[in-house]
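Using my numbering, the letters of the sequence shown map in sequence onto residues 848 to 1023. C-beta atoms are modelled at their ideal positions from N, C-alpha and C, and glycine is treated no differently.
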Amino acid sequence: MDTLTVMKVCCIGAGYVGGPTCAVMALKCPDIQVTVVDRSSERIAQWNSEKLPIYEPGLDDVVKKCRNVNLFFSTDIETAIKEADLIFISVNTPTKNFGNGKGRAADLKYVESAARMIAEIAQSNKIVVEKSTVPVRAAESIMHILHANQRPGIRYDILSNPEFLAEGTAIEDLVH
848 MDTLTVMKVC
858 CIGAGYVGGP
868 TCAVMALKCP
878 DIQVTVVDRS
888 SERIAQWNSE
898 KLPIYEPGLD
908 DVVKKCRNVN
918 LFFSTDIETA
928 IKEADLIFIS
938 VNTPTKNFGN
948 GKGRAADLKY
958 VESAARMIAE
968 IAQSNKIVVE
978 KSTVPVRAAE
988 SIMHILHANQ
998 RPGIRYDILS
1008 NPEFLAEGTA
1018 IEDLVH
């Protein structure tokens, strides 16, 4: 892929990983627009209020400083994907409750759904970053879905950013 200047970031998933990660990204990169999207209008409303949907020491201050400056929370997933240069997939990965791996393996249905959505919506080249608690090689699954469904002329770079956040120190961990 040609060199791409990242000016707009989209994060699909406004949960414990996506929200704090993108809030700190917005704090550390004030010239980059960061939009966190989620299908849950209730969750997005909380991110846009004074009562965030999760508690993490220091998160309130970071969000207050960046929200509506270069950090945005929205349910408009389509627009965020279209406009983004880089897209984080930071969705829930529950344990499988049926089939092979039931009770042990991660269910990647939401990760795979996000990848299909990106392939359907993207109108320009994208960097796609897997940022969920997923098994090794999950990025390959994302790559296969994107390539199988991509529009002509659209290219993807797929990256994996392993999850490392610990409850209670997430903001401190992300800052350092």
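>> Taking the straight line between their C-alpha atoms, what separation do you get for Ile965 and Gly1015?
In response: 32 Å
> Does the distance from the CB of Glu889 to the CB of Pro867 come in under 8 Å?
Replying inline: no
> My guess is that Asn972 and Arg1002 are in contact by the Cβ rule of under 8 Å, so how many angstroms apart are they, rounded?
Replying inline: 5 Å
> Should Met848 go down as buried or exposed, given a rule of 16 or more other Cβ atoms within 10 Å for buried?
Replying inline: Caution is warranted here: a pLDDT of 47 is assigned to Met848, below 50, making its placement in the model unreliable, and no coordinate value can be reported.
>> Can you find the residues in the same chain that come closer than 7 Å, C-beta to C-beta, to Ser921, ignoring five residues on each side of it along the sequence?
In response: Thr882, Val884, Ile891 and Ala927
>> Looking at Glu977: is its Cβ nearer than 8 Å to the Cβ of Ile936?
In response: yes
> In the DSSP assignment, what residue or residues form a beta bridge with Lys855?
Replying inline: Gln880
> To the nearest whole angstrom, what separates the beta carbons of Lys855 and Gln880, a pair I think is in contact under 8 Å?
Replying inline: 5 Å
>> Mapping the DSSP letters down to three states, classify Tyr902 as helix, strand or coil.
In response: coil
> How should Gly946 be labelled, buried or exposed, when 16 other C-beta atoms within 10 angstroms of its C-beta is the threshold for buried?
Replying inline: exposed
> For Arg1047, which of helix, strand or coil comes out of DSSP?
Replying inline: A query on residue 1047 cannot be resolved here, the shown segment of the chain reaching from 848 to 1023 and no further.
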